[in-house]
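In the UniProt record's numbering, the protein residues as written are 1 to 334.
Here it is, written out as structure tokens:
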């Protein structure tokens, strides 16, 4: 197992190297430039030249690339053009917000999706099964930003049940030792702050988790339908195996492998797909800052944040592979 994990981690090196080349080429291909974005369209050529000289944008692209990679290997991800602070500092300031939102969306997607998919499979061909299929199709086809605006308008603007933006009411004087606002409120005993942070999570988590929820419902339903018709399940029924044992050990455990693969992939997509959700709800995480970096041509932030997201995505996939052997001992991670 340790050799497998080490081998997978070594595979990250060529993957990240190829990603760095594509990322560098894509960022430099964006129309305009950071100097124009910073100074405005009426910027003088002298001011543009000073910005390009300051950040090294006037050097040949190959030289810029190797300078950037060399700094990455030293842990220097550059300085944000927007805030004039180190990219690494900006990332870790916003990373807890995105992780908190992604975890909340994942809990919603898995907590509802797996039971609903299993329930639909157990009632295959009935109205509830068809209803779950229609629900999953609708969930997949609705764009995240559109659903986010609908949720915000209905529950925040019209009904006033939930806050419309931000992570916490600015009038609450809360302590944040870890940056995870709900957890911080619990460990510090500031339960009003924890509750307020939880309320701020509900709408963006629902919007972000809807597409993963719909996908998990469909995958769970299909996997359970396949497993419950397998020979060993029919044999267990014929031998009089108790229903809870048949359901938990024979069906669910074997049906969970493709579901876990889907959950792992969707977890990575939640982190990288939070851009639209965070922008709509003014949620101060990685996604909203990355969106501003695109408009301001903040090359260091774009490059650094995307590299971090790629590493997180690869580690999540590694965790999914390792989890196979924990659920089904017959599976050996290669």
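Think of the CB as a built atom: it goes at the ideal place given N, C-alpha and C, for glycine as much as any other residue.
{"Item": "Contact between the region 258-268 and the region 215-228: three or more CB pairs below 8 Å?", "Value": "yes"}
{"Item": "Kindly indicate which three-state DSSP category residue 177 falls into: helix, strand or coil?", "Value": "coil"}
{"Item": "What residue ranges within the region 85-168 form continuous alpha helix (DSSP H) runs of no fewer than 4 residues, ordered along the chain?", "Value": "87-122, 127-141, 144-151"}
{"Item": "Is it true that the CB of residue 319 sits closer than 8 Å to the CB of residue 264?", "Value": "yes"}
{"Item": "Please classify residue 254: is it buried, with 16 or more other beta-carbons within 10 angstroms of its beta-carbon, or exposed?", "Value": "buried"}
{"Item": "Using the beta-carbon count (16 or more within 10 Å), is residue 74 buried or exposed?", "Value": "exposed"}
{"Item": "What does the alpha-carbon distance come out to for the pair residue 240 and residue 130?", "Value": "30 Å"}
{"Item": "Start and end of the alpha helix (DSSP H) containing residue 45?", "Value": "45-55"}
{"Item": "Please state whether the Cβ-Cβ distance between residue 287 and residue 296 is less than 8 Å.", "Value": "no"}
{"Item": "Going by C-alpha to C-alpha distance, which of 309, 300, 232, 308 sits closest to residue 27?", "Value": "300"}
{"Item": "Considering only C-alpha positions, which residue in the set 65, 166, 108 is nearest to residue 18?", "Value": "65"}
{"Item": "What's the gap between the Cα of residue 62 and the Cα of residue 111?", "Value": "48 Å"}
{"Item": "Note the first and the last residue of the continuous alpha helix (DSSP H) segment covering residue 213.", "Value": "191-228"}
{"Item": "Which residue's Cα is closest to the Cα of residue 347: 171, 170, 276, 190?", "Value": "No answer is possible for residue 347: it lies beyond the span of the chain, which begins at 1 and ends at 334."}
{"Item": "What is the DSSP secondary structure of residue 79, reduced to helix, strand or coil?", "Value": "strand"}
{"Item": "What's the call for residue 22, buried or exposed, on a 16-neighbour Cβ count within 10 Å?", "Value": "exposed"}
{"Item": "Residues in its own chain within less than 7 Å of residue 340 by CB, not counting five upstream and five downstream?", "Value": "Outside the displayed span of the chain (1 to 334) sits residue 340, for which this structure offers no information."}
{"Item": "Could you tell me how far apart the beta carbons of residue 270 and residue 97 are, in whole angstroms, since I believe they sit closer than 8 Å?", "Value": "In fact, because the Cβ distance is near 13 Å, the residues do not count as touching under 8 Å."}
{"Item": "Can you tell me the Cα-Cα spacing of residue 238 and residue 251, whole angstroms?", "Value": "15 Å"}
{"Item": "Taking only three categories from DSSP, how would you classify residue 14?", "Value": "helix"}
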